[in-house]
Every structure is written in C-alpha cells, then in structure tokens.
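Chains as they are written, first to last, in my numbering: chain A, 1 to 804; chain B, 1001 to 1296; chain C, 2001 to 2156. Yeah, the Cβ is synthetic: ideal placement off N, Cα and C, and Gly gets one too. Keep in mind the model is a prediction, meaning the values are calculated, not measured. Heads up, the thing below is written out as structure tokens.
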Amino acid sequence: MDKKNPYQQFNFIGKHRRAVEHRRFVVGKGNYAGDVLLPGTLHIAIVASPYASAKILKIDASEAMSLPGVQAVITGEELNSAVLPVLPGVDAPAVKRFPLADKITRYSGEWVCVVVATSRAIAEDAAELVQIDYEEMPCVLDPEIAIKNDSHQVHSDAGTNLIFNRQFVWGPVDEDFSKCDHQLSYRVKWARSSTVPIETFALTCNWSDATGILDIWASVQMPKYPEQIANALQLPSNAVRVHYDIDVGGSYGVKRGLKHAILLGYIAKKLGKPVRFIEDRLENMRGGDMQGPDRLFEVTLGFMKDGEITCMKMRALEDIGAYAGRSPLQLGKPVGAICGPYRIKSVAYLAQAVLTNKTPQEAVRGFGQSPTNYALETGVDKVARFLKIDPIQLRKRNLIKHDEFPYLIPSGTRYDSGDYEVVLDKALKEANLEKLILERDKLRAKGLLAGIGVSTCLEPSGGNSSFEPLFNPKNETTTWMESCVVKIDLGGQVTALMATSTSGQAHETLVSTVIGEVLLQEPDTIRVLHADSLNALPSNSPVGSRMAIMLGGAAAGAAKKLKNKLLIIAASQLNVDPANLVFSGRDVHVAQSPDLKISWAELVAIAHRKFHLLPKEMEPGLQEKFVWEVPTGGDLPDEHGRVQMYPCHSFESHVVLVSIDPDTCKAKINRYVCGHDCGVMISPDVVHGMTYGGIAHGIGAALMEKFAYSEEGQFLSGTFMDYLLPSSSEVPAISIVDHCTPSPLTEFGQKGSGEAGYLGSPAAIANAINDALATINTSIDYLPMTPNAIWNAIQKANSLTEQS
Amino acid sequence: MKAAPFNYHLAQDLAHAKELLHEFGDDVKIIAGGQSLVPMMAMRLAKPANLIDIARLPELQNIQITEDKVTIGAGVKQSALEKHLASQKAPLLQAVIPWIGHQQTRNRGTVGGSLAHADPSAELPLIALILKASIHCESKQDGSRKISAEDFFQGPMWTSLQANECLTQIDWPLWSGAFIGYDFEETAIRQGDFAMASAASQIQVDHDGKVLKWNCGVGGMGGTPYQFDQLTNQFLGQKLSKEKINEFSSQAIALTDPTSDLHASSSYRKHLAKALLSRTIEKSLLMAQSNTQPNR
Amino acid sequence: MKNIPIELSINGQKVSATVEARTSLVDFIRDTLRLTGTHVGCEHGICGACTILLNGDPVRSCCMFAVQANACEITTVEGLAPERGQLSKIQDAFCEKHGLQCGFCTPGMLITCQALINKNPHPSESEIREAISGNLCRCTGYQQIVDAVVYATKEA
C-alpha cells in the first residue's frame, strides 16, 4: 500500500458512488416496518403506568373489552407466566425484565397492559377505558441516593440498586499519583439523551400453526435478536424468522425491541392473527426504553508541570433506569479507549451501574464512548487552564505519537494505528486557527462571550463483545463474527447475501463496492440482499462501528474465495500455474501472454454446466461463504480486567468556535471543523454522511437534548416540544477534513466510522463554551448547555464577583 | 396518537357555521387550520364531540387596508397574510409572521386561529395587544360584538370568546406619519419553537426625538402576553436614553409573572424578557429616528 | 359517528373514498391509499416526515384530517418523478450528493425542497436551511441535504 496515497491501488474503493439504497428511498419505495400490512392484521395500544413506582392492585378491562373491534386485553399477569424474562448483560438475575409490568410498576411510562383491536384508533379508544387501581410507592430518582442501601429498592429481590460495581486498577496508579507535580479533580454530568430516530420502533409478528414459524418484520438493530425472542417465547431457535430486508428508519444503537417482539410474538401466537405495533411518539419517548447514558463522572488527573498527564482516576456512575438490558455494558466499552489518544500510563476506573425509577436505558451510538470522551476532554482543558498552557499545545504534548503504534493502553487494548497530531493539525489548518482566534476576539469585542474548543478523541471500531465477559464473568462470549455469502449465477451476475439489518449505513453499497473491488466487476451490477434470520449465516448486527470492518471483511473474504476458484479453473484450462495468471474481471489471462485467456462467461459456464471440464474434487457452481471472527478478538479478560476491546481505532479532532449572547445566553456555533481518520474509506460519501450526522447528534446532546423527570418521577420529555432535536437552523455548516491511517488488521485498511462525529462533538462544544465562560471566571460542568444553564453559570460568576 | 371519534361538520357559510355552533353548543370546537387543535386531539388533550370546519368560509378570507387600519378575516392563512402585506402598511405585524412556527404550519394556520388559541408565547396575540387590535365575533344567539385585545385574552389558552361564537375578523390599527419604528424579537432554543420570551415595540417620535406615540410588550411571561401602555404613556414628550430604557424595562418586567418550565426558569425568563424588551425598544427608536418620510 | 365521503386528487389521480372523520390525512394516504412513501414521525406537527404538497404548498399531513383535504390536490413523494423510471432534479440531486441515509425523513424533505425550488429557483444556503428547518433529520446533519439543493439549482 502506498502510504502517501492509500487509495491509489483501488478501482472502486474510496470513490464517489451513489448509494444503491437511495434509489428506492427517493421515490418513496422504501420497505419500512410500518409499511408492512398483512391481511387481517390486528393493532395494539399500550396502557402505561403514570407513576414512577407503584403497586398494581387491580386491572378492570371489562369496559374496554366491550368496545366493538377489541379482540383482547393482555395483562402482565397473563403474559409474564407464559414467557421467560430477559436478563441484564451483567450478573443480576433478580433484575428480571418482562414486556409488561405485573403487580408492580417501576417507572412512569412502563407498559402495564395492552389492548388488541382491529384498528389502532379503536385500540386507543379502548385503552382509555381500562381501569387500573394503583397504590403509589416511594421511588428513587437520584443515582447518588439510589446507590445507598437505605434507599428505595427498585427490585426488592436484587438486594441492591447497584447491580454492577467494579473497581479496575490498571498500572501503579497510586504510585504514579504520588510522583505527580499536580492533580486536579472535577465532576461532569452527561445528561440522559439519546439518538431518537425519526422512525419509532415498529413491528409486525405473525405466527403460523402450519409451519411453526413466527415471522417478524421489525425496525431493529439488535445482536442475537431472534435467539433471545425464541428463548423468551420458549420456541426452538429456528422457529423465529426476522426479516432483515426491512429498511430501518434510523437507529444509531437504540432499536433493540426485545420487549416489543416478545409481547407481539405472544399475542400473535395466542390469537392466531398477525399483530402490528407502531410506537407512537409518546409511547416511544417514555416507554420505548431507548434512552441513553445518564452518567456522572468524578475524575482526577495527575500531571507534571510541563503538562504531561501521567495517571487518572475515573468514577463513572450510570443511572440505568428501572430495568437493564445491555445498558450497563455501556460502562464497559469505553474501557477500550479509557485514556483517549493520550499516553496516560495508569488508570483506576470505578464503573457503577445503578437502578432508579426511570425509563430503562438502551445502547446509544458509541456505547458510552461519547460521555467518556466528554469527561476526559473537559479535564484536559482544565489542566491546560491550571497550568496556563494552550489547550492545543497540551494535547500535542500528550498525544500518542505516530511511531508508537500499535500502542498498548493500560486497560489491555492495543490501538492498531493512528496519526493523531497530523489529524489535529489538519483540522486546525482547515479552521484557519489564527483567523479563528481573530474572529473570536472580534466577537468578544462586540460584547459577546466567545470561545474556541478543541477535542481529540478515539473512535474505537470493529464491535467486539469483550465488554460482555468483562462485566459478567459468567458470560464467556468471545465470538463476534460476521458473515457474507457471494455467488456468481448461471448468467455470470454476482449476488451477495448479508445477514443482518441496515438503518442508513448503506450496507448494500458497502458490500457491492467491496465485492466489485475484489472481483473487478462494476459495483452497480452486484446485487446485495438481506437474508432473514433462518437463511442467514451468523451475524452480530451493525453495532460498535463494525460493518465496514466485519461485513466488508466477510464480503471480501467470500469474494476472494470465488476469485481464487475462478483462477484455479482458468489455470486448469490454460494449463499454467495460477501464479502466472492475471485476473482482470473480464477474463483471466496469462501474465506474459494476454492472448492466452479465458473469459468470465466461459469460466462461469465451466463451473455451472461443464462438469467434465471442472478440476477434480472441485465443488460445482460459484458460491462461497465467509464467516469471520473479529480480528484481535477471541480472548477472555485477565483477572485485572485487561482485554483487547475493539480491533481498529479511528480518530477525530473537532475545532469549534462558539459565541454566546449574554442577553439571551444562547450559544451559537460560528465555525465547525472536524478532522477525521478512519483509515481507508470504502464509501467516502457514506463516511462523511455519518460524520455530519454524528456531529448533529453531538450538538443536540451538548446544547439541547435531555430526558427530564419531575421530582416525583413523572416523565416530562414526552413530545418533540419537550425533547428538542436540532434542525437545520441549529446545525451549522460543517467542514470535514480527511486523513487516512490504514488499519493493518483489515483487508483494505478500513476502520469503522458509524459513530463518527458523535464521539468528539459534545466534548469540543463543551470546551468551546467553557473557553467563552472562562473569560468571566465561570464554567458549566453538565450537559445540556442550554441558555438557562449558561445563564445559571453567568449568575454564579456574578454572585461570586459581588461577594469578593 | 389517533384522535377520539367526533362528528365532522363542514360549514358552508358564516350563517351555517353559527347555526352549527348553536346546535352543538355543549360540545363543539371550531377547526380552521388545525395546527394547534389537531395535535391536541391526537394527544387526546382535546376530545370535542363535534368539529365545525370553517376553513373555507368565504366571509373570513378578506384582507382590507384602509387609512387607519388593516382588517383581516379570521380565516386568512398566516402564509397568505405574509404574501399580501406590503411592509409599509403594517410593519410590526408583517415582521412577526416569519417567526410563527414553520412555513408548513403557516400554510394552514390562520390569523383567527392563533388568536383564539391564545398561547401566551404566541406572536400574533402579543402584537394584537400592543397595537390594540379589535376582535370581531358573531354568534346566532347574540349577534356580533367587538372585543378589544385587552379584554380578549383572559389567560393561558383562554379567551373571552363564548362557546357559540365564531371569530370573524380582526382590525389592526395603523400608525401614520413619519418617524415610526418597530422591532420584534423572540428567543427559543430552536428556530420555530414557542418562545421562552418575546418582546415587541412600536414607537413614533417627533423631529426632536421626543416620544409621540409608543407601546411595547412581552410574550411568554405569564398567562397572557403583556402590553405596557400604562408605563409608556408616562414617557410621552420625553426623549428616551439608554438609562431610561433600562429603567423602563425593569419596571415593565416587574409587572409580569412568568412560570418555570422545562426550558426556562422564571428568573432566567425575567432576565431574558428584560434584555429583549430593552433591545426592541432601542431598535424601534433607532428606526423611528431614521424614518424621516411619512409612511403614507 | 358517520363516515364522510371525500374526493381529492393525489399525484394527478382522482380518488374517491369514505373516511372516518378522525382519520388523519397521513393515515389516509398511507393506510387507505397504500402510498407508504409519506412517513409518520411524531403525529404532533414537529418532525415534518409527513410533509406533502397541498394545492402546491408544503403542509404537515399529520396535522390535518383527511376530510379537510376534500377537493384538494395533493402531491406526495410518489408524484415527484416526471415519468416512471426517471427522477426529478431534486431526487437525482439527493442521490448524487448523498442527501439521505435511512431515508425516513427523505420524502417529506424532498417535498419541502421541491416547494422551495418552485418558489425560489436559486436559493442561497441560508434560504435552504430556513426552508428545511421544519423537517427534522437524525442521520445527515443536514449538510449533504443543503449540498443537494444547491446542486439541483445550480446554473446548467
């Protein structure tokens, strides 16, 4: 690979290409879960608990049942004895999770019972008629209170609300702290926010007595989805068919839908009719269980007077809500980049997941990395301010250097490759730092508060599951494979089958580009289909920024096998050693004598039809599969919790200029630049799109998004008037600057980028706002930094000045 | 989020609308643009048994501009008003329309609907108060009456319209002469959302810069928008300095009673409203001083 | 509650139907007419995924009952292409400039952009951002959408 231009060697990889999927989306022919409408479909509406914590005394559904069109009312009492619970990803078997509450509800919005009717409207009419007697109970909402033994226990059988509590110590932390010139401690709070896709969770379930199959069309992004549903419904694992060809209207982590599918699967089986549920926005926000990390950090950094940060203590207290799925594991993934891009030598990490009476959390884009980056980057700026060193210079002093890769961090992950300072410099150059500083000063001269914020952050990619055994030693999962089947048919056309869902990442485009590159076929001629879970090979779904690496790798692997087979057939026909052959895509020819060739069509004919010409022992036809384990994966953590988390490490550096009107206290982003390095970009348009979108998510998390609860635990953010998603007026023009440090671990040098932008954006925006507020000796150490929050900080400064 | 069942009645003309209102008086709502009502019905916060559609009533679609006022039919869409008004005629009214929601909502939402809905943060009620608009309504039983904006807005989402009354037209007084200036500002976290606070000012000065005519107000600061004519009248004949404006705004905001909600505490709101009010007064004054040509 | 007969034109086709008064226009389009290109995102008038052209103007079809659209002309995303197998300029531009990812907000976004171009053939970037500010997208961060409209409206 040419280091100067890693793209030189490629025909299709790295080129501008129109996404295959877009052809159907722009004409309104996407196939979303809400578009599926089987004949005879029934519809459901949810009756949700209004209380943060209550006993269910009585449910009277008689009036609801008498409404014409109502088919059934299902309660927790009925359902929960017929299905198995879903358990958390950590070892807390008493924290059982059923789709419906039975006898006790634990959060405002929890599903209590379900009305099934011939239309959604009638189901809602009937839902209003269900009479439920509740007895309100005490609740606990503050994680710092919930962690105490005398607080209200969310699950009385669990014995504690603190369902995960582990102190990791990597390296001689205390010793390193004693050798530091300075230490600095601080608290930051990442607000409960989420990626909130515009499409809510939707699904249809249909059970057939005749085939014994439960069909599911769902808007889902969830590893091991069919297996978990089958398990809960006590069906054989090959009795559940999830249709992955459903187009998912955005997920960014959150569409896990287990309780939805278990509930509807049960109803479909019970009533013998297809059942559909499209969450309305109210159901989605309060009871869809898609809220994200809600994390308090307490950090202490130890550093020398020249700015070298040598050690860190970090406590992460996560408020996971009333039930747990994979959510506590969101404390675990950041272990794989716990020191960010810096040469921090030793780290103590206290990871705590605590239950409260709030909506359960779900996996959100980055799986906890963005909050961790925000915490660390805030600290780096605080160190800079303390030492009166420029924050950019301080970062440069601490960034892992280009020649230090692969770099082993204290928690056991090796960063594969990187060129951090170059990316930072590229971003600064694009932002024109000198001009930016002048612009900032001009804004200040006009009476505005203005600041520049920088972040340098890791984007681990490749979605390995190492946090599973790390956080639950009883779970010995070390396989996190991905698969692809590629075939060349009788007509010589290429078709590939991928094994999981897509929610905007353009997987069909990814796979056809990769296969086209290997087989030297025009990518637009390659058809890519989504299998269903019964005819799919194993997959672990598009999580953890893994598909460019894993699906790209699997597709390339299968295509390479096919290419190899074609070469062997050609070698046998031309009677030469395969090493002397050139594969051109049109044909295979002898290197020194191109006239000695055999065409693609002829090779296909031999493989499919001319058995008498096929090399002995060779399987007829042209179809290959490739099932691939995550590179560097396969190991369990050691006793200190050291393990290789993800294989490949992308990197981003954000440079942001922010101004604040002291009258309105509203922050405005004046300039936004992102330097991004995800190795070789297979589809640059897709990668850039992810990055812009991730930054928009980050802007929302930093400035306006929060799921709020009243003091009584009432959910306050149920609509889009309460929970604010940024529009095109709030997201500025963004400049992206690319750099390419290929990964040594992947076929083309690609790294993942599904979480691009989001992982470094809140950190940079927060740093910019705090740079502005530092001019009046104040700061904000929590998100979101709304106008009111900024005003509170300014008030704090004013009252301190008045006192002094 | 599907609305509860209701009976739909399409009014053919104003008389028919009044007849329907009379007939279903116990449980009826008027729908025009529906931009506020339909979402409320979807969330089942409103469950009228009868809906009377007045969106196409010919009597409510007119815009008439005379010497001293603009008369706008209650059924005129906000986007239609935006297109129709020339900026010299009713400048403050013209200025606020782009702030109302988004273009998609303005393509359906009506002038009358916004006033009848009476959201305390809404733009048109604030301007109606400041300009001292008159609101005409009619019912079958009680004929027609005219309500001053001051008397119209009673509280949050609450007006003095009776259940059987239909809002028909609104008169917006026009100021004439030279040295007239205006300004409107609002702050929301996100473009197009209801404002956390808003402010508007319209002022006329003489050639020396002394106040001839002035009114201003704030929205989002209580159950209804506020207008401050009792305070502004005290400044007639005076020149406004920055200090006077600041003092004025403090006094004005002290009269308001904002609540705290998810997006803004009452104390932040007071700070915001005061800052916006001072700014709009200053800007309207600057504009007035430079508008040497009469607007007619 | 009686059902109401309505007649309207959708993408150039006349349609007659009888609807429950409470059926929203977007549900009528999707469930009765089975034109599922228009999407539902919030049902309370904020996200814009349900945007259609009503008599040429972009409106939120979740904030209307179908009965209110009687005698109206509606254009949905399915009606934007000039002919089968072709794309309108704006649809083509979205594909060229990667102005979408999951595609869920896209139909509403395309309608709003088409309405903008109909009124303003050469909008500036700030005019584009203003015009689409009532259409929320969680995938793209809007940059490539703005780029697509610029591309669609650049001088030939």
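Hey, does residue i have any beta-carbon neighbour from chain C nearer than 7 Å?
i: B:A1003; result: yes
i: A:T719; result: yes
i: B:R1106; result: no
i: B:P1039; result: yes
i: B:A1015; result: no
i: B:H1102; result: yes
i: B:G1034; result: yes
Taking Cβ positions only, does residue i come closer than 7 Å to chain A?
i: B:S1265; result: yes
i: B:A1275; result: yes
i: B:Y1268; result: yes
i: C:Q2114; result: no
i: B:I1245; result: no
i: B:I1189; result: yes
i: C:I2111; result: no
Which residue or residues does DSSP assign as beta-bridge partners of residue i?
i: A:L408; result: A:R414
i: C:Y2151; result: Answer is none; C:Y2151 lacks a bridge partner.
i: B:K1089; result: Answer by DSSP bridge pairing: none, since B:K1089 is not bridged.
i: A:V590; result: A:L581
i: B:Y1226; result: B:V1218
i: A:D844; result: The requested residue 844 of chain A is not part of the displayed model; chain A covers only 1 to 804.
i: A:Y805; result: Missing from the structure shown is residue 805 of chain A; chain A here goes from 1 to 804 and no further.
i: A:M312; result: A:L301 and A:V347
When you compare only the Cα positions, how much space is there between residue i and residue j?
i: A:L567; j: A:S650; result: 35 Å
i: C:E2161; j: A:Y51; result: This structure cannot settle anything about residue 2161 of chain C, because the visible part of chain C is limited to 2001 through 2156.
i: A:I145; j: A:S151; result: 6 Å
i: B:M1041; j: B:A1004; result: 7 Å
i: C:P2121; j: C:D2147; result: 15 Å
i: B:L1037; j: B:A1288; result: 39 Å
i: A:V643; j: A:K565; result: 38 Å
i: A:P684; j: B:N1215; result: 56 Å
i: C:C2105; j: C:H2039; result: 7 Å
i: A:I44; j: C:D2031; result: 16 Å
i: B:A1273; j: B:I1031; result: 32 Å
i: B:L1085; j: C:K2119; result: 18 Å
i: C:R2084; j: C:T2076; result: 15 Å
Check the C-beta distance from residue i over to residue j and give it rounded, since I have them as a contact under 8 Å.
i: A:L87; j: A:P93; result: 6 Å
i: A:G752; j: A:I549; result: 5 Å
i: A:H155; j: A:F303; result: With 8 Å as the limit, A:H155 and A:F303 do not qualify as a contact, their Cβ atoms being about 41 Å apart.
i: A:I695; j: A:I734; result: 6 Å
i: A:C674; j: A:A427; result: 7 Å
i: A:L596; j: A:V604; result: At roughly 19 Å, the Cβ-Cβ gap does not stay under 8 Å, so A:L596 and A:V604 are not in contact.
i: A:R106; j: A:N357; result: 6 Å
For a test of the three-state rule: what should DSSP assign to residue i, helix, strand or coil?
i: A:T801; result: helix
i: A:M290; result: coil
i: A:T478; result: coil
i: A:H402; result: helix
i: A:V687; result: helix
i: B:S1144; result: strand
i: A:T525; result: helix
Would you say residue i reaches chain B, if we count a Cβ-Cβ gap shorter than 7 Å as a contact?
i: A:L129; result: no
i: A:M704; result: yes
i: A:N798; result: no
i: C:D2057; result: yes
Is any non-hydrogen atom of the ligand MG found closer than 6 Å to the C-beta of residue i, if you look at the structure I gave you?
i: B:D1206; result: Of ligands this structure carries none, so the ligand MG is not represented either.
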